[in-house]
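Written below as structure tokens is the structure these notes are about.
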Amino acid sequence: YRKILKSNPNCLSEDFYDQNIPEKDMFLYWSPKTADFYEVQSIVEFLRRKYPQAIHVAGGTHIDYNQEECVKVFDAIIVGPGERTMLQIIDNHIGGYLKQVYQDEWKHVHYKDFTFARRDFLPRETIVTDLFEKYGHPDSTCVLFSRGCPYRCSFCVYNTPNTLQVRQDVEAEINYLKNEYGISAINLKDEVCIGHSVKIYTPFLESVGNCGIMWRGQTIVGVPESLLDLAKESGCVELVLGVESVVQNVLDSINKRQTVKQCEETIEYLSKIGIKSRANIIFGLPNEPEDIVDKTIEFIERNKLDYVSVSGLCPVPGSDMYANPSKYGIRVIDKNWDRHAHLMFRYGDDEDHGLPFHFEKGFKQEEIINNMEGFSWKHQKFNALSVPEYSAGFTWIKNADNQEILNGPFPKY
Ligand code: SF4
1 YRKILKSNPN
11 CLSEDFYDQN
21 IPEKDMFLYW
31 SPKTADFYEV
41 QSIVEFLRRK
51 YPQAIHVAGG
61 THIDYNQEEC
71 VKVFDAIIVG
81 PGERTMLQII
91 DNHIGGYLKQ
101 VYQDEWKHVH
111 YKDFTFARRD
121 FLPRETIVTD
131 LFEKYGHPDS
141 TCVLFSRGCP
151 YRCSFCVYNT
161 PNTLQVRQDV
171 EAEINYLKNE
181 YGISAINLKD
191 EVCIGHSVKI
201 YTPFLESVGN
211 CGIMWRGQTI
221 VGVPESLLDL
231 AKESGCVELV
241 LGVESVVQNV
251 LDSINKRQTV
261 KQCEETIEYL
271 SKIGIKSRAN
281 IIFGLPNEPE
291 DIVDKTIEFI
301 ERNKLDYVSV
311 SGLCPVPGSD
321 MYANPSKYGI
331 RVIDKNWDRH
341 AHLMFRYGDD
351 EDHGLPFHFE
361 KGFKQEEIIN
371 NMEGFSWKHQ
381 KFNALSVPEY
391 SAGFTWIKNA
401 DNQEILNGPF
411 PKY
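Right, here's the structure in full:
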């Protein structure tokens, strides 16, 4: 819906929704992120006025941790995994006895027990997109081959289930996408697309490799080199790494179970075997030193990272940081979801900085914003071309001398 809103700024007008959808068949499933919640709520309210008999069901981590608020907005909510409960909801609705809350347990619902979703009912243009513009514009799409994460980073909520559940039918799904849609590149949306287990990820990567496709994804640092080699052989062109911070003390305080040295080693190895690396960096984490900007720039330049994504800390419901803010020196977290920003990849010049919290001591909000702006500006000034892309709302433009420079929303450091 955000995409729809962006391309159709007036989409909440009667005209936009004036399509002939049979109301009795309208069964809408929502999975709002915390920062989107009020926006989703307003769309649901609009649709209720237009289609009073439509059923609205929601699930996802924001729902899991805000059930009381969510049952007031949706007809039914799903807590935990939705594969089985969604079917139950449809049955119950048809039978006329829909409940408000449906709950299932992660330990009873394994991702590998379900096959991939067919996309036949979706318009082709929503499936085939241009996600690999730096790699020759092959027809591409997004996939999700696994879910869960075994880690417990204190700011994160994407670790349910707390194990990696990898599907077995990835080859079948890729071949389906190739044959039906001519897809030749895939963007893995898995939280951790390659885990540490050689036993699990060797057959997984071999399956991907059998399909002769280009791919990229997000993973953790410290993955065995043999798996990274296999990733390269299987068509991987780019891996995103959750570096988060270049200061060990900060990593330790957010329970990020990795060392700065491991980050450097992984980046170096990826470069050696020809996979581009992108580092996700968060500013505003607890215990950042005064010179966090300089340290971050020094790290990026020393390790010759290919890409960097910058975001500000946003403690979301479900994370340990949200549940126990004082453990992290946080005095208060704003419960107004409109003050929350998207943690990764969505931070642009159309979105506020977020940072919906205040530390007891240490950096103030303005200082964190300054650090984010300063990082972008300083790095642009001293070595713009070594980092060809930011996703923090920055774009490449040509300056008066016809040189490419980064243009960001914050050039005032
Ligand atoms: S930040 Fe990444 S590694 Fe940490 S818990 Fe979340 S998904 Fe797992």
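The letter at position 227 of the sequence shown is residue 227 when you use full-length UniProt numbering, and the numbering goes up by one with no holes.
Each residue gets a CB set at the ideal place from its N, CA and C atoms; glycine is no exception.
Predicted, not measured: the structure shown is a model, and the values here were computed from it.
Looking at ligand 1, does it come within less than 8 Å of residue 437, judged from the CB to the closest heavy atom?
Residue coverage of the chain in this structure runs from 1 to 413, which leaves residue 437 outside it and unanswerable.
Tell me whether K256, by its Cβ, gets closer than 8 Å to a heavy atom of ligand 1.
Here the question's residue 256 lines up with position 256 in the sequence shown. The answer is yes for K256.
Quick one: Cα of D169 to Cα of L144, how far?
Numbered from its first residue, the sequence shown carries residue 169 at position 169. Numbered from its first residue, the sequence shown carries residue 144 at position 144. If you take the alpha carbons of D169 and L144, they lie about 11 Å apart.
For residue 430 and Y38, which I take to be in contact (beta-carbon distance under 8 Å), what is that distance rounded to the nearest angstrom?
Outside the modelled stretch of the chain, which goes from 1 to 413, sits residue 430, for which no answer is possible.
Where Y97 falls, given that 16 or more other Cβ within 10 Å makes a residue buried
As a first step, residue 97 must be located in the sequence shown, where it is residue number 97. Exposed: under 16 other Cβ atoms inside 10 Å.
Contacts around N210, its chain only, beta-carbon distance under 7 Å, and the 5 residues preceding and following it disregarded
On the sequence shown, residue 210 is found 210 positions in, with the first residue counted as 1. Taken in chain order, the residues that qualify are E171.
Starting from the N-terminal end, write out each residue whose C-beta falls within a distance shorter than 5 Å of any non-hydrogen atom of ligand 2.
Ligand 2 is absent from the structure shown, which contains only ligand 1.
Exposed or buried, which one is R118 when buried takes at least 16 other CB atoms within 10 Å?
As a working note, residue 118 is residue 118 in the sequence shown. Result: exposed.
Going by DSSP, which residues form a beta bridge with T219?
Numbered from its first residue, the sequence shown carries residue 219 at position 219. BP columns for T219 point to L241.
In whole angstroms, what separates the C-alpha of G82 from that of T61?
Counted from its first residue, the sequence shown places residue 82 at position 82. Counted from its first residue, the sequence shown places residue 61 at position 61. Their Cα atoms are separated by approximately 12 Å.
Buried versus exposed, by CB contacts within 10 Å (16 or more), R278:
If you number the sequence shown from 1, residue 278 lands on position 278. The residue is buried, with at least 16 neighbouring Cβ atoms inside 10 Å.
Neighbour-count burial assignment, L230, 16 or more Cβ in a 10 Å radius:
Taking the sequence shown and counting its residues from 1, the one referred to as residue 230 is at position 230. Buried, since its Cβ has 16 or more Cβ neighbours within 10 Å.
Counting C-beta neighbours from all protein chains within 10 Å, is the total for F121 16 or more, i.e. buried, or is it exposed?
The residue you call residue 121 lines up with position 121 of the sequence shown. Answer is exposed; the Cβ neighbour count stays below 16.
Environment of Q41 [buried if 16+ CB atoms lie within 10 Å]
For the purposes of this step, residue 41 is identified with residue 41 of the sequence shown, where counting begins at 1. By the 10 Å Cβ count, Q41 comes out buried.
In this structure, does DSSP put S207 in helix, strand or coil?
Position 207 of the sequence shown holds residue 207. Helix at S207.
Checking 9 Å against the spacing of the C-beta atoms, do P356 and N336 come in under that value?
Taking the first residue of the sequence shown as 1, we reach residue 356 at position 356. Taking the first residue of the sequence shown as 1, we reach residue 336 at position 336. When the beta-carbon positions are compared, P356 and N336 come within less than 9 Å of each other.
Which residues does DSSP pair with C142 in a beta bridge?
By 1-based counting over the sequence shown, the position of residue 142 is 142. C142 pairs with N187.
In this structure, how does DSSP classify K107 when only helix, strand and coil are distinguished?
By 1-based counting over the sequence shown, the position of residue 107 is 107. In the structure shown, K107 adopts helical secondary structure according to DSSP, grouped into three states.
Quick one: grab the DSSP three-state call for Y97.
For the purposes of this step, residue 97 is identified with residue 97 of the sequence shown, where counting begins at 1. In the structure shown, Y97 sits in coil (DSSP, three-state: anything other than H, G, I, E or B).
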